[in-house]
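Residue numbers for the sequence shown follow the working numbering, beginning at 1 and rising by one. Before any comments, here is the structure.
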Amino acid sequence: MHTQKLVFIFFLFIISIVAQRDKKKLCLHNLVINGTNLITGHRKQLLVLSVINFNNPSSRTQANRFLDLYRELERQHIRDSVVRLILINEQDAAEHFGGNKFGNIKLFQDNPQDRIVKRLHQNGHTLNNYVFGRCGYMIYTQEYPNSDLDNLKNYEELLRIITTAVKNKRRCQNICS
């Protein structure tokens, strides 16, 4: 009887750990920009978003570091079909918007209707990075100043998170849409 109670308590402990881990996942429903739902449009891909402001020279550096990240992922044989990198230019930098691509990376312009940057973060800083898993949940956030990819430590941390998430494929229990 005592052994059964211990086994029961052990299973409750394991279940509580799994429940705590799931609470950290954030689902942003209808993450839409310019008519594109970023979550449902990139299902089964790891989605890495970076908020930038092309009015700011440090954002241009950040965008170039995203190109470096793209090339590094390619060197590791991690392709667009597995990981999608996306840059989102803030609303107030629309006059510096340079089209829908920055090198090989998809570029979106935030607008007053979608206000995607405001939905992603409330603190007003640019240069934030977000990683969404294959099931659509936000699994990692890098906020300024830890998101400045010009800092090698921050760059390597984001690269480590991406490669770890790619290697640890899990079946989706619940899908965020």
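Note that beta-carbon positions come from the ideal geometry of N, C-alpha and C, so glycine has one too. Values in this document were obtained by computation on a predicted structure and should not be read as measured data.
Assign residue i to one of three DSSP states: helix, strand, or coil.
i    : result
Q109 : strand
I52  : strand
I116 : helix
N34  : coil
L69  : helix
N129 : strand
Q173 : coil
Q62  : helix
T3   : helix
Less than 8 Å separating the beta-carbons of residue i and residue j?
i    : j    : result
L85  : I116 : no
I154 : Q142 : Here the sequence assigns Asn to residue 154, which means Ile is not the residue at that position. Yes. Within cutoff.
L149 : R65  : yes
C172 : I39  : no
I52  : L87  : yes
N128 : Y144 : yes
Taking the continuous alpha helix (DSSP H) assigned at residue i, which residues delimit it?
i    : result
Y155 : 152–167
I39  : 38–41
Could you compute how far the alpha carbon of residue i sits from the alpha carbon of residue j?
i    : j    : result
Y137 : C27  : 5 Å
R71  : T3   : 54 Å
G98  : N111 : 15 Å
D68  : S50  : 14 Å
V32  : D80  : 20 Å
L47  : E95  : 26 Å
L43  : K118 : According to the sequence shown, residue 43 is Arg rather than Leu. About 23 Å.
S59  : N89  : 9 Å
N55  : T61  : 12 Å
R134 : I162 : 12 Å
H77  : F102 : 21 Å
A93  : Y130 : 20 Å
N174 : N30  : 16 Å
Thinking C-alpha only, which one of the options is nearest residue i?
i    : options               : result
F108 : I139, D68, A63        : A63
T164 : P145, F132, S147, G41 : F132
Q113 : N100, Q91, N128       : Q91
L158 : G35, G41, V83, N30    : V83
R160 : Q45, L73, G35         : L73
Could you give the first and the last residue of the continuous beta strand (DSSP E) run that contains residue i?
i   : result
V83 : 83–89
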